[in-house]
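Numbering (mature numbering (1 follows the signal peptide of the UniProt record, and there is no 0)), first residue to last: -25 to -1, 1 to 149. Report on one structure; see the data block that follows.
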């Protein structure tokens, strides 16, 4: 009986190692280098301080372009399902310039981009899952990467930083 248990254990170990060997020898699953998709989310929140709950719907049109190293997300969030109040946020990431623009209404903020563009492949250590719907290959609307004129230019950003530094220098030297 003990000999039978060892043989069965050895068989299970061989099957498991064969499976992992087969799985690791296969290529990663990759999406196209350029694609557009839609994410639909329902977000529930609970505020313990005020003992209130809210439910929001979010609709995001996401565009991925690894050739030009950019992503764009246009998100519409239903802030309150009963009143239908909507917020529209547009986020553009340019990984070559290492900058991120966030546009809400006519307000634009520009921030440094520290993370790298993720490859369009599922990595071996994959732990998170998003579901995209209506995915199409290619960039259906290249205007999603257009930075509005009211966003600060690079020169304006440098001037804003310089003025901020001068302001704090004056405060510290006083």
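Cβ coordinates follow ideal geometry from the N, Cα and C atoms, glycine included. In this text the structure is predicted, and so the values were computed from the model without any measurement.
**Request:** Please determine, among 121, 113, 128, 108, the residue with the shortest C-alpha to C-alpha distance to residue 14.
**Result:** Per the Cα distances, 108.
**Residue range of the unbroken beta strand (DSSP E) whose run includes residue 8** = Judged by DSSP secondary structure, residue 8 falls outside any beta strand (DSSP E); it is assigned neither H nor E.
**Asked** Of all the beta strand (DSSP E) runs that stay within the bounds of the stretch 11 to 95, which reach a length of 3 or more residues?
**Response** The stretch 11 to 95 contains these whole beta strand (DSSP E) runs: 27 to 40, 45 to 55, 60 to 69, 74 to 79, 82 to 87.
**Asked** Looking only at its own chain, which residues have a Cβ that is under 7 Å from the Cβ of residue 18, when we skip the five neighbours before and after it?
**Response** Correct list, in chain order: 31, 33.
**Asked** Any idea if residue 110 is buried or exposed, counting beta-carbon neighbours within 10 angstroms, 16 or more meaning buried?
**Response** Under this definition residue 110 is an exposed residue.
**Residues of its chain near residue 36, where Cβ-Cβ distance is below 6 Å and the 5 sequence neighbours each way are ignored** = Counting only Cβ-Cβ distances below 6 Å, and skipping sequence neighbours, we find 13, 49.
**Message:** Check this for me: beta carbons of residue 52 and residue 62, under 8 Å apart or not?
**Reply:** The Cβ-Cβ distance between residue 52 and residue 62 falls below 8 Å.
**Message:** Considering Cα atoms alone, identify which of 72, 71, 83 is closest to residue 64.
**Reply:** Distances from the alpha-carbon of residue 64 to those of 72, 71, 83 put 83 closest.
**Status (buried if at least 16 other CB within 10 Å, exposed otherwise) for residue 89** = Counting C-beta atoms within 10 angstroms of its own C-beta, residue 89 has fewer than 16 neighbours from the protein chains shown and is therefore classed as exposed.
**Message:** Check for me: the beta strand (DSSP E) holding residue 112 runs from which residue to which?
**Reply:** Start and end: 108 to 112.
**Request:** Please state whether DSSP places residue 125 in a helix, a strand or coil.
**Result:** Of the three classes helix, strand and coil, the one that applies to residue 125 here is coil, per DSSP.
**Request:** Note down, in chain order, each residue of its chain lying with its Cβ closer than 6 Å to the Cβ of residue 119, except the 5 sequence neighbours on either side.
**Result:** Excluding residues within five positions, the ones whose Cβ falls inside 6 Å are 38, 47.
**Beta-carbon proximity of residue 85 to residue 127, cut-off 8 Å** = For the 8 Å CB-CB criterion, residue 85 and residue 127 form a contact.
**Request:** Pull up the CB-CB distance for residue 41 and residue 95, whole angstroms please, since I reckon it's below 8 Å.
**Result:** Right, the Cβ-Cβ distance comes to about 6 Å (below 8 Å), so this counts as a contact.
**Message:** I'd like to know whether the C-beta atoms of residue 69 and residue 45 end up nearer to each other than 8 Å.
**Reply:** At a Cβ-Cβ threshold of 8 Å, residue 69 and residue 45 count as neighbours.
**Asked** Does the ligand HEM have even one heavy atom less than 7 Å from the beta-carbon of residue 126?
**Response** Of the ligands one can find in the structure shown there are none, so the ligand HEM has no counterpart to examine.
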